[in-house]
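According to full-length UniProt numbering, the first sequence is numbered sequentially starting from 1.
Right, one structure below, let's go through it.
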Amino acid sequence: MEDNVLPNRSEFNKGPWTAEEDRKLAEVIAVHGARRWKTIANIAGLNRCGKSCRLRWMNYLRPNIKRGNITDQEEDLILRLHKLLGNRWSLIAGRLPGRTDNEIKNYWNSHLSKKVNQNEKQSGVSARQGCKAQKRSVKNAKEPAREEITSAGCEDSNTDFNVDEFFDFSNEDTRNLEWVRRFLEVDEGFN
DNA sequence: AACAACCTCAACCGCATCAGA
DNA sequence: GTCTGATGCGGTTGAGGTTGT
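Shown next, in the form of structure tokens:
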């Protein structure tokens, strides 16, 4: 059920995007919005599948993308969120304004996983323990996921926060910094 | 200078889930 | 309730860059 049925997938452009392709894609999205990616690809005259267009937009062209080094605070937040949520990069990215799930995933795989492994070797604890079950079944962090997270033992046993509130994305703009501050306070025991 | 090993990150792939007909 | 196309997600790959020998 892929979205790239016509033309055959082999006929789609692959590989790095050109500046011209970026420009065309951005123009069409500005007019039609960031949805119906297959249509967008057609309108823009891009020989790309919708999926590829979406990925390019989400990870590179979207406004407010923050590029450049991950700050210490962001890194700390990623570590804490990963401890709590596991490999649910989109959820983690949702708590880091301007960062994409792909970027965080890459950063984790290239930097933090090693760091964590080193810490685990020192402390004799594996991050995989207890967190694996979360993976697919709770993927989108809908209601059941919240319950699983609270019972999966992936957060510190002494943490005491309201998970429903934790995942409340309403009033995001005004709550962002407060949320980060509170989360950092809550998980003092990490590291 | 040349080569190998390692690292980074953009992009692709397969699968699950959602949403509309 | 079922089907089908669209969307979103996490895992993985590979090209290009960097560092070490």
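Glycine included, each C-beta is placed from N, C-alpha and C at the ideal position.
Separation of ILE65 and GLU11 (C-alpha to C-alpha, rounded to the nearest whole angstrom) is 30 Å.
Scanning LEU61, HIS82, LYS115 for the CA closest to the CA of LYS105 turns up HIS82. Cβ-Cβ separation between ALA34 and TRP57: approximately 6 Å, consistent with a contact (criterion under 8 Å). Considering only VAL31, LEU96, LEU46, the residue with the shortest C-alpha distance to ASP72 is LEU96.
According to the DSSP assignment, GLY50 belongs to the alpha helix (DSSP H) that extends over 50-56. In this structure, TRP89 keeps its C-beta atom at 9 Å or more from the C-beta atom of ASN69.
The alpha-carbon of VAL31 is positioned some 14 Å away from that of ASP22. Residue environment analysis places LYS115 among the exposed positions, since fewer than 16 neighbouring C-beta atoms fall within 10 angstroms of its C-beta. DSSP, reduced to helix, strand and coil, places LYS66 outside both helices and strands of the structure shown, so it counts as coil. Around the beta carbon of LYS24, a 10 Å sphere encloses 16 or more other beta carbons of the protein chains shown; the residue is thus reported as buried. Per the coordinates, the alpha-carbon of LEU91 lies some 11 Å from the alpha-carbon of ARG99. Under the criterion of beta carbons closer than 8 Å, ASN13 and ARG54 do not qualify as touching, at roughly 15 Å. In this structure, ARG36 sits near GLY50, with a CB-CB distance shorter than 9 Å. Residue state for ARG80 is assigned as helix, using DSSP reduced to three classes. In this structure, the straight-line span from the alpha carbon of ASN59 to that of ALA93 is close to 11 Å.
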